[in-house]
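**Q** I'd like to ask some things about the structure below.
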Amino acid sequence: MLTTVVSPDVRSPGSIDDAVRQLTDLGADAMPLAGGTWIMRAGLRGETPRRCYVSLDRIAELRRYSVGDVVELGAQLTHRDLTSITTGPAATALRQAAALSAFPQVRNVATLAGNIAATGFAAADLVPALLAGQAEVELAGPEGPHRTTLASYLTSRDQRPSGELITAVRLPAPPGRFSAFERLTVRVGGEYAVANVAVSVDVDAGGSVHDARIAVGAVEPVATLGPARALIGHPVGDDDAAQAAGEAVAAGLTPREDPDAPGWYRVAVVPTLVRRAVAQLPQLIDH
Amino acid sequence: MSYSFTLNGQTVEATTPGLTPLLTVLRDQHGLQGAKLGCGEGRCGSCTVLVDDQPVAACLFPVANVAGRAVRTVEGLAAPGAPLTPVQDALLDHGGVQCGACIPGVVMTLTALLESEPAVDAATAKEALTGNICRCTGYVKIVEAAVAASGRGDQA
Ligand SMILES: Cc1cc2nc3c(=O)[nH]c(=O)nc-3n(C[C@H](O)[C@H](O)[C@H](O)COP(=O)(O)OP(=O)(O)OC[C@H]3O[C@@H](n4cnc5c(N)ncnc54)[C@H](O)[C@@H]3O)c2cc1C
Ligand code: FES
Ligand code: FES
Numbered sequence: 001m002l003t004t005v006v007s008p009d010v011r012s013p014g015s016i017d018d019a020v021r022q023l024t025d026l027g028a029d030a031m032p033l034a035g036g037t038w039i040m041r042a043g044l045r046g047e048t049p050r051r052c053y054v055s056l057d058r059i060a061e062l063r064r065y066s067v068g069d070v071v072e073l074g075a076q077l078t079h080r081d082l083t084s085i086t087t088g089p090a091a092t093a094l095r096q097a098a099a100l101s102a103f104p105q106v107r108n109v110a111t112l113a114g115n116i117a118a119t120g121f122a123a124a125d126l127v128p129a130l131l132a133g134q135a136e137v138e139l140a141g142p143e144g145p146h147r148t149t150l151a152s153y154l155t156s157r158d159q160r161p162s163g164e165l166i167t168a169v170r171l172p173a174p175p176g177r178f179s180a181f182e183r184l185t186v187r188v189g190g191e192y193a194v195a196n197v198a199v200s201v202d203v204d205a206g207g208s209v210h211d212a213r214i215a216v217g218a219v220e221p222v223a224t225l226g227p228a229r230a231l232i233g234h235p236v237g238d239d240d241a242a243q244a245a246g247e248a249v250a251a252g253l254t255p256r257e258d259p260d261a262p263g264w265y266r267v268a269v270v271p272t273l274v275r276r277a278v279a280q281l282p283q284l285i286d287h
Numbered sequence: 001m002s003y004s005f006t007l008n009g010q011t012v013e014a015t016t017p018g019l020t021p022l023l024t025v026l027r028d029q030h031g032l033q034g035a036k037l038g039c040g041e042g043r044c045g046s047c048t049v050l051v052d053d054q055p056v057a058a059c060l061f062p063v064a065n066v067a068g069r070a071v072r073t074v075e076g077l078a079a080p081g082a083p084l085t086p087v088q089d090a091l092l093d094h095g096g097v098q099c100g101a102c103i104p105g106v107v108m109t110l111t112a113l114l115e116s117e118p119a120v121d122a123a124t125a126k127e128a129l130t131g132n133i134c135r136c137t138g139y140v141k142i143v144e145a146a147v148a149a150s151g152r153g154d155q156a
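If you read the protein sequences in the order shown, they are chains B and C. Anchor point for the first sequence: position 265 equals 265 in the working numbering, and the numbering is continuous, going up by one each time. Anchor point for the second sequence: position 92 equals 92 in the working numbering, and the numbering is continuous, going up by one each time.
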């Protein structure tokens, strides 16, 4: 049995303005459709499908990107796109997260914005990479375009106003910023993470960390930033500092319980994932 | 709604609700039964087809998003009676086919891989196949076949 209900209508507008207009008119009856890898499984999760979906597939501007001191990534870029277009050490975590998520058949289809906006998806891999990188989301809506931090979008993602659309994600890439991503799955690939971790650091000329962020996904219902102070003032890659930071981050987590993994286990693996991510950083600097 | 796309090189029209999985359209409207419904949730790869030359899980691909694109299925690789493709030949030669349920998906994944990578080694083939589950062969023969088909039989 295919698990989706096939009756909903799909509209395919050709511009952001038309998509916003259609989503606004339809209100709570509709939602955006990106790659569909989350929406097409709504039935499996016991969710009632919307009456209408507004596909973003024909909106070419949502696939644009640019690189520079800020990497600007269109909402409709796929995980596969992200593995190739995002260059530079500030985006390493994002590249790694995109490459490690799911399988080729899903990575070729699932989008950047779909990963961020999938309500109830705790294990999204791109999200911690973007959070640690201080990403912002650009939104279009009935009130016009605006911008907000990813962190604030995530905590409100199940109550966003109708008519709103993520159009792009902005990832700052200042000189001296390095990042890395790690995740643990029960088998090797193609599964949701037990926990996923991204570390992003700003390093001074002497190789010492002067600012740092650690984000953790899959443990709590929504990925969060944890305390990364323990990394600051230490040489990049310092293992003791990483262990201390990992423990501090783990101590602040309230894990969810679900059949895939007990909550205590999700928390217990976090310090090791932080250490592994931090251990990657010096190699990036040497490059 | 009606969606126009090319299917194995021919323009076709699917008149069906836009959220219908591409797999349903291929099997029920076009009689193409190569791609199989296994898990129906993107995990097994038995429904793998190519959309614009990239492998996708047809069980999760809404037909609305196929409009204007090119879909290729295992049936489009070799006409009946015509020679098989190097990937298909290699799978047979290496004993990579047992019950065959996974094979149309495996063939499409490897077809895309060989089209995009000039030389495939075992590690690349395994990575490409992470979304294709085979319950029979243990994968070794399939990986050997992939390497052989790309002309690098020495690395199997
Ligand atoms: C078997 C399987 C395994 C997977 N494993 C992983 C994994 O390990 N890690 C991982 O990160 N992902 C994984 N995923 C993929 C997951 O489904 C996607 O990462 C993602 O959440 C969905 O992207 P999509 O483009 O398919 O979104 P869709 O299904 O189209 O949409 C998802 C949600 O986002 C909303 N949305 C989409 N675009 C926008 C926009 N521009 N603005 C506002 N809202 C929008 C939709 O309305 C919907 O609510 C897996 C998927 C499958 C099928
Ligand atoms: S049937 Fe599509 S991935 Fe299993
Ligand atoms: S040959 Fe039987 S599942 Fe692969």
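Where is the CB? At the ideal position from N, CA and C, for every residue including glycine.
Quick check on serine 116 of chain C: does DSSP put it in helix, strand or coil?
**A** Serine 116 of chain C: helix per DSSP, three-state reduction.
**Q** According to a CB-to-CB cut-off of less than 9 Å, which residues of the segment 8-25 of chain C neighbour chain B?
**A** Listed by position along the chain: Thr16, Pro17, Gly18, Leu19, Thr20, Pro21, Leu23, Thr24.
**Q** I want to verify the contact list: residues of chain C whose CB lies under 7 Å from the CB of phenylalanine 178 of chain B, in sequence order.
**A** What phenylalanine 178 of chain B touches in chain C: nothing, since even the nearest Cβ is about 25 Å away.
**Q** Looking only at DSSP bridge pairs, what is threonine 11 of chain C linked to?
**A** The partner list for threonine 11 of chain C (beta bridge, DSSP) reads C:Thr6.
**Q** In chain order, what residues of the same chain lie with their CB nearer than 7 Å to the CB of glycine 153 of chain C, ignoring the 5 residues before and after it?
**A** Any reading at glycine 153 of chain C is ruled out, since the residue's pLDDT is 46, under 50, leaving its predicted position unreliable.
**Q** In three-state DSSP terms, what is leucine 22 of chain C?
**A** Looking at leucine 22 of chain C - three-state DSSP - the assignment turns out to be helix.
**Q** Check whether the Cβ of cysteine 99 of chain C sits closer than 6 Å to any heavy atom of ligand 3, and report yes or no.
**A** At least one heavy atom of ligand 3 is nearer than 6 Å to the Cβ of cysteine 99 of chain C, so yes.
**Q** Taking buried to mean at least 16 other C-beta atoms within 10 Å of its own C-beta, is alanine 302 of chain B buried or exposed?
**A** Residue coverage of chain B in this structure runs from 1 to 287, which leaves residue 302 of chain B outside it and unanswerable.
**Q** If you measure from the beta carbon of proline 104 of chain B to each beta carbon in chain C, is any gap under 7 Å?
**A** Yes, contact with chain C.
**Q** Under a three-way DSSP split, which group does leucine 130 of chain B fall into?
**A** Reduced to three states, the DSSP call for leucine 130 of chain B is helix.
**Q** If you measure from the beta carbon of threonine 92 of chain B to each beta carbon in chain C, is any gap under 7 Å?
**A** For threonine 92 of chain B, the answer is no, since every Cβ of chain C falls outside 7 Å of its Cβ.
**Q** Under 7 Å Cβ-Cβ, which residues of chain B neighbour phenylalanine 157 of chain C?
**A** Residue 157 of chain C lies beyond the stretch modelled for chain C, which goes from 1 to 156, so this question has no answer here.
**Q** Tell me whether arginine 135 of chain C counts as near ligand 3, meaning its Cβ is closer than 6 Å to at least one heavy atom of that ligand.
**A** Checking the Cβ of arginine 135 of chain C against ligand 3 gives yes.
**Q** Would the C-beta of serine 15 of chain B count as close to ligand 1, meaning under 6 Å from any of its heavy atoms?
**A** Serine 15 of chain B: no, Cβ never under 6 Å from ligand 1.
**Q** Of the residues that make up the segment 81-103 of chain C, which ones have a beta carbon closer than 7 Å to any beta carbon in chain B?
**A** Flagged: no residues at all.
**Q** Going along the chain, which residues of its own chain have a beta-carbon closer than 8 Å to the beta-carbon of alanine 58 of chain C, five neighbours each way excluded?
**A** The answer, listed in chain order, is Pro21, Leu22, Leu23, Leu26, Ala35, Cys47, Thr48, Val49.
**Q** Would you tell me roughly how many angstroms separate the C-alpha atoms of alanine 34 of chain B and glycine 233 of chain B, rounded to the nearest one?
**A** Straight-line Cα distance between these residues: approximately 42 Å.
**Q** Let me know if aspartate 57 of chain B comes out buried or exposed under the rule of 16 or more other beta-carbons within 10 Å of its beta-carbon.
**A** Buried.
**Q** Quick one: what's threonine 290 of chain B bridged to in DSSP?
**A** As shown, chain B starts at 1 and ends at 287. That puts residue 290 of chain B outside it, with no answer to give.
**Q** With a Cβ-Cβ cutoff of 7 Å, do glycine 45 of chain C and glycine 105 of chain C count as a contact?
**A** Their beta carbons are under 7 Å apart, which means glycine 45 of chain C touches glycine 105 of chain C by this criterion.
**Q** Nearest by alpha-carbon distance to glycine 237 of chain B: which of B:Ser152, B:Arg275, B:Gly133 is it?
**A** If we check each option's Cα against that of glycine 237 of chain B, B:Arg275 comes out closest.
**Q** Compute the Euclidean distance between the alpha carbons of valine 5 of chain B and proline 161 of chain B, then round it to the nearest angstrom.
**A** Reliability fails at valine 5 of chain B, whose pLDDT of 49 lies under 50, so the model's placement of it is uncertain and no value is given.
**Q** Between the Cα of leucine 130 of chain B and the Cα atoms of B:Val270, B:Asp25, B:Leu82, B:Thr254, which residue gives the shortest distance?
**A** Answer by Cα proximity: B:Leu82.
**Q** Considering isoleucine 85 of chain B, what are the terminal residues of the alpha helix (DSSP H) in which it resides?
**A** Isoleucine 85 of chain B -> alpha helix (DSSP H) spans 79-85.
**Q** Quick one: list the residues of chain C neighbouring tyrosine 53 of chain B, beta-carbon separation under 9 Å, in chain order.
**A** Going along chain C in sequence order, the residues near tyrosine 53 of chain B (Cβ under 9 Å) are Gly18, Leu19, Pro62, Ala64.
**Q** At 8 Å on the CB atoms, spell out the chain C contacts of serine 7 of chain B, in chain order.
**A** Going along chain C in sequence order, the residues near serine 7 of chain B (Cβ under 8 Å) are Pro17, Leu19.
**Q** What are the residues in the segment 124-152 of chain C lying within 7 Å of chain B by C-beta distance?
**A** Flagged, chain order: Ala128, Thr130, Gly131.
**Q** Could you tell me whether any Cβ in chain B is nearer than 7 Å to the Cβ of glutamate 117 of chain C?
**A** Not closer than 7 Å to any Cβ of chain B, the Cβ of glutamate 117 of chain C fails to qualify, so no.
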